[in-house]
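To convert, note that position 240 of the sequence shown is 240 in this note's numbering; the numbers rise steadily by one, no gaps. One structure is given here, and the rest of the page talks about it.
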Amino acid sequence: MFIAKDCRYLWELIRVGGHSSKAVLITGCDSGFGRELALRCISEGFTVFAGCLTEKCLSPKLHTVSLDVTSDESVQKAELYVKKNLTDGLQLWGIVNNAGVFSCYGPDDWTSVNDYIRAADVNTFGIVRVTHAFRKYVKRSEGRIVSVTSVNGRLSTPGAGPYVVSKFGAEAYMDALRQEYYGAGVKVSILEPGIFRTPLIDEEAMLRRVEDVWSRVDDETKEEYGEDYKDYFAKMWNELFITKSSTKIHYVVDNYLHALTARYPRDRSVFEVSIRQVVAAPRRDTAARA
1 MFIAKDCRYL WELIRVGGHS SKAVLITGCD SGFGRELALR CISEGFTVFA
51 GCLTEKCLSP KLHTVSLDVT SDESVQKAEL YVKKNLTDGL QLWGIVNNAG
101 VFSCYGPDDW TSVNDYIRAA DVNTFGIVRV THAFRKYVKR SEGRIVSVTS
151 VNGRLSTPGA GPYVVSKFGA EAYMDALRQE YYGAGVKVSI LEPGIFRTPL
201 IDEEAMLRRV EDVWSRVDDE TKEEYGEDYK DYFAKMWNEL FITKSSTKIH
251 YVVDNYLHAL TARYPRDRSV FEVSIRQVVA APRRDTAARA
């Protein structure tokens with residue numbers, strides 16, 4: 001068994017070459033994983049099309065394109081921009097679906113259908129939308145399609161229903177693509193990180209998410225749960241994410257780079273997962289005692 005693991009490890013060290021003739025499209029490059037990956041890819045010799053939602057990301061240091069993964073028009077414009085710049089033998093080698101959101105926090109009783117739609121529009125259909133627009137280029141280059149999902153793409157946790165459902169959907173889509181593109185020479189990989197400290201993990205922002213959801217809850221549900229439970233719920237989630245989150249963002253970037261550059265990339269990369277990160281929903285009687 002150890003020999004097999006050693007062989008697998010050595011197998012994964014074999015890399016593809018010719019990075020200078022390869023381009024990579026990365027969504028969600030405004031900050032966090034996407035920005036760091038764009039910089040790493042440039043240092044590896046790739047041409048990088050860094051998809052950004054906000055103008056502040058646009059920098060002369062990066063080959064950037066405005067990209068909102070929830071907008072068909074924005075994605076179509078990005079595709080035309082990339083097509084125009086694939087010159088002098090440059091091929092689009094990789095699609096990296098990195099853009100993602102936490103749409104809401106709270107029990108399902110607090111959520112609406114729109115909360116689920118908003119999460120899926122970025123985390124699931126954003127991946128589908130971008131992949132559909134650029135897949136023909138990656139099929140020509142026999143390149144890579146890589147998406148970040150989450151440990152919540154295979155294990156559900158309470159209080160994050162819209163997020164979890166959207167990540168399960170993203171995993172199902174990528175698994176289908178992997179099987180369909182097997183004969184086309186395109187490698188399809190999923191990254192399943194645990195909790196990492198990025199701009200998404202911000203204490204004030206997380207409190208605002210809970211308050212926003214709570215503000216839309218009807219009076220009957222508010223009476224059922226109570227303000228104390230709402231406050232305890234927000235405190236519990238913040239303590240979990242702030243105290244258990246890892247600052248080692250390079251773990252994620254390293255795994256992205258493996259998926260793009262390894263000749264035999266892993267189908268899935270799971271990292272920074274701890275059973276202590278998976279918690280049950282706080283009981284309402286616990287909130288009363290807190």
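Where a beta carbon is used, it is the ideal one built from N, C-alpha and C, also for glycine.
For the stretch 15 to 44, which segments carrying the beta strand (DSSP E) assignment without a break, of at least 3 residues, lie completely within its bounds, in sequence order? 22 to 26
Grab me the residues of residue 75's own chain with a C-beta within less than 8 Å of its C-beta, minus the 5 sequence neighbours each way, in chain order. These residues qualify, in order along the chain: 67, 68, 69, 129, 130 and 133.
Beta strand (DSSP E) segment containing residue 192, residue limits: 187 to 193
For the candidate residues 72, 73 and 77, whose alpha-carbon lies nearest to that of residue 65? 77
Own chain residues within Cβ distance below 6 Å of residue 154, not counting five before or after: none
If we count Cβ pairs, one from each stretch, closer than 8 Å, do we get three or more for the stretch 247 to 263 versus the stretch 26 to 38? yes
Sufficient close CB pairs (3 or more, under 8 Å) joining the stretch 108 to 120 to the stretch 212 to 222: The stretch 108 to 120, when compared against the stretch 212 to 222, does touch it at the 8 Å Cβ threshold.
Under the assumption that residue 127 contacts residue 170 (Cβ atoms under 8 Å), give the Cβ distance between them as a whole number of angstroms. With a Cβ gap of about 5 Å, residue 127 and residue 170 count as contacting.
By DSSP's criteria, residue 144 is part of a beta bridge. Which residues make up the other side? 94 and 187
Below 6 Å CB to CB, which residues in the same chain sit around residue 289 once its five sequence neighbours on both sides are set aside? Residue confidence for residue 289 is low, a pLDDT of 48 falling below 50, so the modelled location carries little weight; the figure read from the coordinates is stated next. If we look at residue 289 and ignore the five residues flanking it on each side, it has no Cβ neighbours.
Looking at residue 40 and residue 257, is the spacing between their C-beta atoms short of 8 Å? The answer is yes: Cβ separation under 8 Å.
Buried versus exposed, by CB contacts within 10 Å (16 or more), residue 234: buried
Leaving out five residues on either side along the sequence, give the residues of the same chain with a beta carbon under 7 Å from the beta carbon of residue 81. 65
Tell me whether the beta-carbon of residue 25 lies closer than 8 Å to the beta-carbon of residue 122. In this structure, residue 122 does not lie closer than 8 Å to residue 25 by Cβ.
Taking Cβ positions, are residue 51 and residue 92 nearer each other than 8 Å? Residue 92 is positioned such that its CB atom lies no closer than 8 Å to that of residue 51.
Does DSSP put residue 134 in a helix, in a strand, or in coil? DSSP places residue 134 in helix when its eight states are reduced to three.
Would you say residue 28 and residue 85 are within 8 Å of each other, going by their C-beta atoms? No; because the gap between Cβ atoms is not below 8 Å, this pair is not in contact.
At the level of alpha carbons, what is the spacing between residue 279 and residue 147? With a pLDDT of 42 at residue 279, under the threshold of 50, the modelled position of this residue cannot be trusted; read the value that follows with caution. Each residue's alpha carbon lies about 25 Å from the other.
Assuming residue 65 is part of the beta strand (DSSP E), what are its boundary residues? Per DSSP, residue 65 belongs to the beta strand (DSSP E) from 63 to 66.
Which term fits residue 259, buried or exposed, when burial requires 16 or more other beta carbons within 10 angstroms of its beta carbon? Counting Cβ neighbours within 10 Å, residue 259 comes out buried, since at least 16 surround it.
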